[in-house]
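One structure is given here, and the rest of the page talks about it.
Chains as they are written, first to last, in this note's numbering: chain A, -12 to 308; chain B, -12 to 308.
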């Protein structure tokens, strides 16, 4: 029978290309230049001393064909990233939000990715106008007021594929580098570990008449290494580790910290990620952040706790710099 | 180097399992019973003689892990299906809309899958209330009125995975079967050609430390065959064929017609699908439907033309039954 399995071939690390080779062999996204200009202007417009954060959000796609009909995707609606972006805005940060196209957006996330759409929140007011349905009015007004108040400090940049994401991540990291410890990189996007090099892609839609399909994918280079060492070495870097096997979570999070030398890993399990995460640093025990089911149901997002704790640690980091 | 290639192994058709085996080996979706009840009640509530259409929309996912972090997806926002559903409603049909979760919805499609969300269309009215921003007001009011007028004849059922889709397609087809020629099946969803049997899935998130990844996928059984022959033999069945290689489009569409014996194949190419399609039937030359770039820019959807032509043919089919 078919199976999803890794090849048991040659040792792994030797086969993984380095990040520069990846950039040499892949096309930058169409919005790269425009994103560069927008982010540069946004950083320049912030008052001195205001902290800045890059929040990445949503999953990357890996196309299986050049004329893309199919792709491998990573599970992520963008809940963590979009909610965190709101918390950083509330905490006074300027936020660059690098998100997967059509994933959840700060503030608007409450009203999308649902069965309901815009028209379900509205009704004709009987006088030729439109009003918000009474059952939604209070919540919409409150969210609208928060949004109007904070949106000037929010800049959104979108990606779709893994390559888009990596080019944009490098570009924005390099732009943030001169701001040093004042900036945080909060890497909540679900980034593919595997890719098909673009020159090896099938040109057209893969045909099924030939029977089974076998896909060979390469391991994605570890971009956290140049990010921490080269692109933005003075920034405060937070990465995320999502696993489904509880036994692997801490060792893998610890391994990432040791290997890349960034500041915090937020470790979480797929099925408990909405109420339980661990913050790992090199020099301390894991810090558990947890909310109750009751808090969750009453609309308390765990991102409030994650961001509050990271803002505190970022301040310590920045004042020591 | 890595490559996306098909195995050149044994002849294909012999290896493809039959649809019943697929259903025996996969789990039905959690919403199957609820969908059954809702669709049965919806069909029963329609006045005698009102035509009914099942519109399928959006792409199916194929999970790579049982605790799903990654999946193979088919490119489809659901534009064709959601726009077509509106046209069928305007033409007097009752519409069962079987859609991929979070894909575009009839009427609401104009306001989702965009950078803007609900809050971007609204503003505080300065008197403690909320109003629609003036630049959107006319369009929103017009769409809201259409939606309010037609929504009673629309029933929505959602799917995510390939298995969800196939179980729901069978269930709804069987419920429509007794309505015979009065019903149309309009199969616009982008359905995966390959899958990984659930008992062969990796239990946990596939680890990247081992190096490259090789995925073996089986060909999905051709469900159009039992749908036409067994599930809903008297219904008017329209399938879609999307290709990227122009040379393959007509032969493949023609092959499907000959093989499955349904009524119409709507053939389209990935890059021209928004302004050009061909309707193929067994006994006639392909019928080209085309709109100009200018029409497209002025908001004319080609689905208006596709649905108008299919409604005409469905009437002929129903009166001959």
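Where is the CB? At the ideal position from N, CA and C, for every residue including glycine.
Interface annotation, residue 148(A): not in contact with chain B, CB-CB separation never under 8 angstroms. Taking residue 29(A) as the centre and dropping the five residues before and after it, the same chain places the C-beta of 81, 83 and 142 closer than 8 angstroms to its C-beta, in chain order. At a cut-off of 8 angstroms, the C-beta of residue 59(A) has a neighbouring C-beta in chain B. Under the three-pair Cβ rule at 8 angstroms, the stretch 108 to 119 of chain A does not count as touching the stretch 84 to 103 of chain B. When the five nearest sequence neighbours on each side are left out, the beta carbons in the same chain lying within less than 8 angstroms of the beta carbon of residue 188(B) are those of 50, 51, 52 and 53, in order along the chain. Residue-level contact by beta carbon holds for residue 117(B) and chain A, with a gap shorter than 8 angstroms. Taking the C-beta atoms as reference points, residue 254(A) is found nearer than 8 angstroms to residue 265(A). With respect to chain A, the C-beta atom of residue 181(B) has a partner C-beta closer than 8 angstroms. Counting the other Cβ atoms within 10 Å of the Cβ of residue 295(A) gives fewer than 16, which makes it exposed. For a Cβ distance threshold of 7 angstroms, residue set 100 of chain A lies close to residue 89(B), ordered along the chain. When C-alpha distances from residue 192(B) are compared across 114(A), 233(A) and 209(A), the shortest belongs to 233(A).
With its beta carbon at least 8 angstroms from every one in chain A, residue 12(B) lies outside the interface. Taking the Cα positions, residue 32(B) is about 11 angstroms away from residue 139(B). When only Cα atoms are considered, residue 173(B) and residue 99(B) end up about 23 angstroms apart.
For the C-beta of residue 113(A), not a single chain B residue is nearer than 8 angstroms; the gap to the nearest is close to 12 angstroms. A straight-line Cα-Cα distance of about 8 angstroms links residue 149(B) and residue 182(B). The CB of residue 68(A) never comes closer than 7 angstroms to any CB in chain B; the least such distance is about 15 angstroms.
When only Cα atoms are considered, residue 117(B) and residue 15(A) end up about 41 angstroms apart.
Counting of Cβ neighbours within 10 angstroms places residue 246(A) among the exposed residues, the total staying below 16.
For residue 152(A), the closest Cβ of chain B is not nearer than 8 angstroms. Secondary structure in the stretch 78 to 108 of chain A: the beta strand (DSSP E) runs of 3 residues or longer, each lying completely within the stretch, are 81 to 87 in chain order.
Within the stretch 192 to 221 of chain A, the residues whose Cβ lies closer than 7 angstroms to some Cβ of chain B are 192, 193, 195, 196, 197, 198, 199, 200, 201, 202, 203, 204, 205 and 206, listed in chain order.
Of the other Cβ atoms in all chains shown, 16 or more fall within 10 Å of the Cβ of residue 42(A); this residue is therefore buried. Classified as buried, residue 250(B) has 16 or more neighbouring CB atoms from the shown chains inside 10 Å of its CB. With distances taken between CA atoms, residue 152(B) lies nearest to 61(B) out of 61(B), 220(B), 114(B) and 301(B).
For residue 210(A), the three-state secondary structure derived from DSSP is coil. Interface with chain B (8 angstroms Cβ-Cβ cutoff): residue 255(A) is excluded.
Residues of the stretch 27 to 60 of chain A with a C-beta atom less than 8 angstroms from some C-beta of chain B are 48, 51, 52, 54, 55, 56, 57, 58, 59 and 60, listed in chain order. The shortest CA-to-CA distance from residue 5(A) to any of 277(A), 185(A), 256(A) and 206(A) is the one to 206(A). Between residue 26(B) and residue 162(B) a beta carbon distance of about 5 angstroms is seen, short of the 8 angstroms cut, so the two are scored as contacting. Per DSSP, residue 233(A) lies in no beta strand (DSSP E); the unbroken alpha helix (DSSP H) holding it starts and ends at 233 to 247. When the five nearest sequence neighbours on each side are left out, the beta carbons in the same chain lying within less than 6 angstroms of the beta carbon of residue 275(B) are those of 265, in order along the chain. DSSP places residue 117(A) within a strand segment (E or B) once states are collapsed to three. The residues 108, 109 and 127, in chain order, have a CB closer than 7 angstroms to that of residue 119(B) in the same chain once the five nearest residues on each side in sequence are set aside.
In the DSSP annotation of this structure, the continuous segment of the alpha helix (DSSP H) that includes residue 290(A) starts and ends at 289 to 307. Cβ-Cβ separation between residue 146(A) and residue 87(A): approximately 6 angstroms, consistent with a contact (criterion under 8 angstroms).
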